[in-house]
Amino acid sequence: MEALYLLCSIFSTILTSFTLSLLLPFRLLLRRLFPHSTAADGIALYDGTVWHERRRPVHHSFKYSVRYALIDLDHAIHSPPDHLSPQQARDIAQTNGPVFLLTIPPSVGYEQNPLSLYYCYDVEGSTRCLKKCIAEVTNTPWGERVRFLFNPNSDIVAKPLHVSPFMDMLGSWSMRTNIPGDNLVVNISVKHPKLGDYFTASLTANRVSSSSVQHALFFWLMPHKVALWIYWHALKLWWKKVVFIQHPRYGNPSYKEDAMERDKNLGCCLAFATQTDEHQQIEQSCGPNFTSDMNRKDRWFRWRDAKWPWC
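Here the numbering used here is used: the first residue of the sequence shown is 4, the next is one more, and so on.
Structure follows, in structure tokens:
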């Protein structure tokens with residue numbers, strides 16, 4: 004039943020996107036005839052590359068070009084659907100400054116965002132600093148989502164979501180990102196209790212001039228391309244005989260609570276490391292790029308369940 008639904012969903016997306024793509028030239032013509040200013044729409048455009056490498060149990064790597072939008076949520080003309088508002092993000096991060104959302108906008112009726120990031124700034128006088136980030140991870144094809152806070156300088160988070168049928172729920176994500184400017188970098192590595200540091204993903208992108216760029220053309224079929232790469236490389240991993248792992252909801256319905264407990268244990272490890280002479284040894288056991296924080300509280304997680312039939 005789920006396979007049939009997936010096939011129907013793919014067919015429906017193809018049909019909708021094809022129809023809207025045919026109408027796209029007419030939309031662009033109307034915008035040319037009735038121009039409106041895009042200089043203050045609060046969107047910066049980035050063109051870059053996503054790279055993935057799996058080192059165990061088999062080696063598999065790939066990269067593809069990608070385009071992202073960095074949206075100033077406080078000044079955007081159109082708030083992106085299905086995302087947090089700027090005030091919601093500020094409440095979560097406990098910040099008082101602007102909030103920027105890094106995401107792939109929908110294109111011709113389809114949206115695909117494995118990872119979106121909220122950059123939450125604090126403002127004190129004339130000084131603005133990036134204090135926290137909120138990761139928004141969505142899995143394919145289920146459409147489940149988890150949001151959590153992390154320190155952009157460097158942080159380690161217990162894996163909270165079944166993002167791939169070729170990865171179990173054990174291990175943790177080491178995450179870091181820079182302050183978005185002319186360039187943008189996001190690095191994620193996975194540390195597994197048995198496989199070690201076996202997976203790395205990165206996004207590197209450069210800002211492009213958006214003064215004369217039609218956003219509809221800039222992002223045309225970008226979400227579709229991301230989905231195609233996800234399904235294609237899942238097929239290649241299956242062909243390489245990587246073990247297919249069933250969604251944990253079938254074998255461990257409490258996997259969300261388990262993730263929170265594992266993350267709490269990571270927090271205890273980090274706090275303990277700051278108070279001992281064995282800091283380096285514990286740092287290596289927790290991960291190479293963790294952030295020690297003696298005042299660390301339980302991490303904020305929020306899940307969104309999948310819609311039918313994935314529920």
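All C-beta atoms, glycine included, are put in the ideal place defined by N, C-alpha and C.
- Cβ neighbours of G112 within its own chain (closer than 7 angstroms, five residues either side excluded): T19, S20, L23.
- Around the CB of E264, fewer than 16 other CB atoms lie within 10 Å, so the residue is classed as exposed.
- In the three-state scheme derived from DSSP, where H, G and I count as helix and E and B as strand, K194 is classed as strand.
- The C-alpha of F153 is placed about 43 angstroms away from the C-alpha of F29.
- Inter-residue distance for S15 and N116 is about 19 angstroms (C-alpha atoms, whole angstroms).
- When the beta-carbon positions are compared, L120 and L105 come within less than 8 angstroms of each other.
- Residue pairing for R148: DSSP places it in a beta bridge opposite T141, R307.
- In terms of Cα proximity to V160, the closest of G254, Y67, L173, P89 is L173.
- If you draw a straight line from the Cα of A237 to the Cα of F169, it comes to about 8 angstroms.
- According to the DSSP assignment, H218 belongs to the alpha helix (DSSP H) that extends over 218-221.
- When rounded, the separation of the alpha-carbon atoms in D261 and V246 is 22 angstroms.
- Looking at the DSSP output, F103 sits in a beta bridge with D75, Y122.
- A contact between stretches requires three or more CB pairs, one per stretch, nearer than 8 angstroms, and the stretch 120-132 fails this requirement with the stretch 209-216.
- When secondary structure is reduced to three states using DSSP, K267 falls in the helix class.
- Taking all protein chains shown into account, C123 has 16 or more neighbouring C-beta atoms within 10 Å of its C-beta and is therefore buried.
- Under a 10 Å Cβ-count criterion, S177 is classified as buried, with 16 or more other Cβ atoms of the shown protein chains found around its own Cβ.
- With 16 or more other CB atoms across the displayed protein chains lying within 10 angstroms of its CB, P83 is buried.
- If you draw a 10 Å sphere on the C-beta of L118, you find 16 or more other C-beta atoms in it, and that means buried.
- Around the beta-carbon of Y8, fewer than 16 other beta-carbon atoms lie within 10 Å, marking it exposed.
- Contact check for S167 and K194: beta-carbon distance about 16 angstroms, past the 8 angstroms limit, so the pair fails to qualify.
- In the structure shown, V245 adopts coil according to DSSP, grouped into three states.
- Rounded to the nearest angstrom, the Cβ distance from I74 to G100 is 15 angstroms, too far for a contact under 8 angstroms.
- 8 angstroms or more divides the Cβ of V189 from the Cβ of V69.
- In the DSSP secondary-structure assignment, N186 is bridged to N209.
- Around the beta carbon of D301, fewer than 16 other beta carbons sit within 10 angstroms, so the residue counts as exposed.
- About 5 angstroms separates the CB atoms of A309 and G146; that is less than 8 angstroms, so the two are in contact.
- For the set K66, L224, H62, the Cα lying nearest the Cα of T52 is the one of K66.
- In this structure, W311 lies away from F151, with their beta-carbon atoms at least 8 angstroms apart.
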